[in-house]
Every structure is written in C-alpha cells, then in structure tokens.
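Using this note's numbering, the first residue of the sequence shown is number 563, and each one after it goes up by one. By construction, the Cβ of each residue, glycine as well, lies at the ideal position given by its N, Cα and C atoms. This structure is a prediction, so every number in the text was calculated from the model and none was measured.
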Amino acid sequence: MIGASLMAGMLMSGLSSRADETPTHNWPQLEKKLQLIERLYAPMRARGENPGIDESLAAAKAAKTAGDYGESLRLSNEILRMLTTSYGARRHKPSLKLLEKRYRKRLTEVDSLRGAFLSISREKGIDPGTVCDEPSYQRMLNEATQRAAKQDYQNATILVDAMYNTMSVAVTSLRNHETLEYKLVFNSPKEEYEYELNRYRTLTLLLRMKQKEVSLNPAREAAMRRHVAEAESLWNDAKSQAGDGHHDIAVKHLESAIARLGDALGILGMYMPK
C-alpha cells in the first residue's frame, strides 16, 4: 500500500512536465510515467474501479508505440490527474445515503423515460416488444433491485444506467415509424457525440461488471474479447475525429463501437439493443 505522502509526491512528479512545456522528447521519462501509472492503478484495477483508465492507458501506450510523444504524454498526464482525483475520492467516499439517493433519482428517470416510450408506442400502434427487449429490461431491473436491497448502490446504479440507455435506444428505434415530433433532436453534432459517448461509457462499465460474474469457455471468451477490441478501436477513432472537430464522423464510429459492445454483452448473456 503506497503511503499517502509518498503517493502524492510521485503524482506531483508525474504531473510536473506538461506536453506544451516539453521542448524535447524525453522518452525515458515518459516510460517511467507509464510505469508509475501501472503501479498506482494496479490496486484500483483489482477492485474493479475506474475501468475507463484501462482504455486511456492503452491509448497512451499505443501512441508511444506509434511514436506520437505528445499524445502519449498528454494522455499520461490526464490519467495521473484521474488517479489523483480517485485517490482523493477514496478518502472522501460518498456516504451510503448519498449513493442510495443517486440510485433512486436515476431509477425515477428510467421510469419516466419508459413511461414516455410506452405512451409513444401506444399512440403509434406499435408493439413495444418489437422495439425493446422486455425480458432483458426486466432482468436488469430485477438485478438492480436485488443489489439495492443489499445496499450495493454503485452496481445497482450501473444497471439502472444501462436500463436508461436501453430505453433511450428503444425510443430512437421508433424513428422508422415516427414523425419528427418524436425524434431525438440534438442541437449540434457535438451534443449527439456526447450523448453517444455517455452510452458507450455506461455499456463499458456494465460489460466489466458482467465479466466478473460470468464464466465463458475459451472460444466464447475469445469471441467476446474480439468484439471488445473492435469497440475500443472504434472508440479511439471516434476520439480522434472528435478531436479534429469532426463530431458527425465520430458519432458514426461510436454507434459502431456500441454495436460491438452489444455483441460482447450478448455473449455474456445480456441482450442490448443497438
């Protein structure tokens, strides 16, 4: 266990050089920074915390391998900031009451969205079952309820987030039957990108949680990992396009990435509409 003062010193050292202040490429220092991240993140990874860091770390390593020093350094510094925040959050963990409040609030939002979906379906004369996988939704609801009963509000909220996305996708799927009145309308491609990015992140968290609970045979494990790898590659493409201001293209990449995550979740026994 790294002492708080030692860890703080290591983090400050890791953050001391910024990408825009580095006149030359200090590859040895970059390698040490990545090793520092690995050491600090290892216990968090073992606890299943902050899975998004895995993706950013993989991107930082890939940029280093590709010779993109600036991008790798930028990502490394960002990861260290995330770790700093996470370690600070562990010293100030939200109370059980606050976690429950977040869970209840999100559950209310899901109920409202589901009510709207069912109302639209009735108005249009569409069987809800042709648009939304009701058994999958109910399984997630039952599992979230069971986890909440055990006061596991964090994982219960992850499931409720997935339910929200299921309903969002179901509403979107009505586009083939709807007038403009019921379309999801975004003010800009960037806003739509943020919406799809939130869906991607939620499904990533759900996937990691299900991976801990489901044992697969080697063939299905390999197939699941292929889908995840494809999703991560598409996610990286989306980030690159968004970074260049091409949010419309980034949305297409994210939609494809979400479809791959849906395939991976399907192998784990959870159907997710794409």
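So, helix, strand or coil for residue i, using DSSP?
i	result
R770	helix
K659	helix
A679	A small correction: the amino acid at residue 679 is Phe; Ala does not occupy that position in the sequence shown. Helix.
D616	helix
G687	coil
Y744	Because Y744 carries a pLDDT of 39, less than 50, the predicted location of this residue cannot be relied on, and no value is offered for it.
M832	coil
Q716	helix
V733	helix
G824	helix
D810	helix
V693	coil
V776	coil
D630	coil
L577	Annotation note: pLDDT 45 at L577 (below 50); position unreliable, coordinate value reported separately. It is helical.
H815	helix
N588	coil
Which residue comes first and which comes last in the alpha helix (DSSP H) that contains residue i?
i	result
P780	780-805
L707	Reading the sequence as shown, one finds Thr at residue 707 and not Leu. Element bounds for T707: 696-711.
R609	Premise fails: R609 is in no alpha helix (DSSP H) and is neither H nor E.
For this session: Spell out a yes or no on whether the region 696-704 and the region 632-648 are touching, meaning 3 or more CB-CB pairs, one atom from each, closer than 8 Å.
Result: no
Problem set entry | Cβ pair count under 8 Å reaching 3, the region 714-722 against the region 774-787 | no
For this session: Please confirm if the region 683-693 is in contact with the region 659-668, defined as three or more CB-CB distances below 8 Å between the two stretches.
Result: no
Problem set entry | Cβ pair count under 8 Å reaching 3, the region 588-595 against the region 606-619 | no
Exercise. Quick one: any contact between the region 802-809 and the region 817-829, if contact means 3 or more CB pairs under 8 Å?
Worked result: The region 802-809 makes no contact with the region 817-829: fewer than 3 CB pairs, one atom from each, lie closer than 8 Å.
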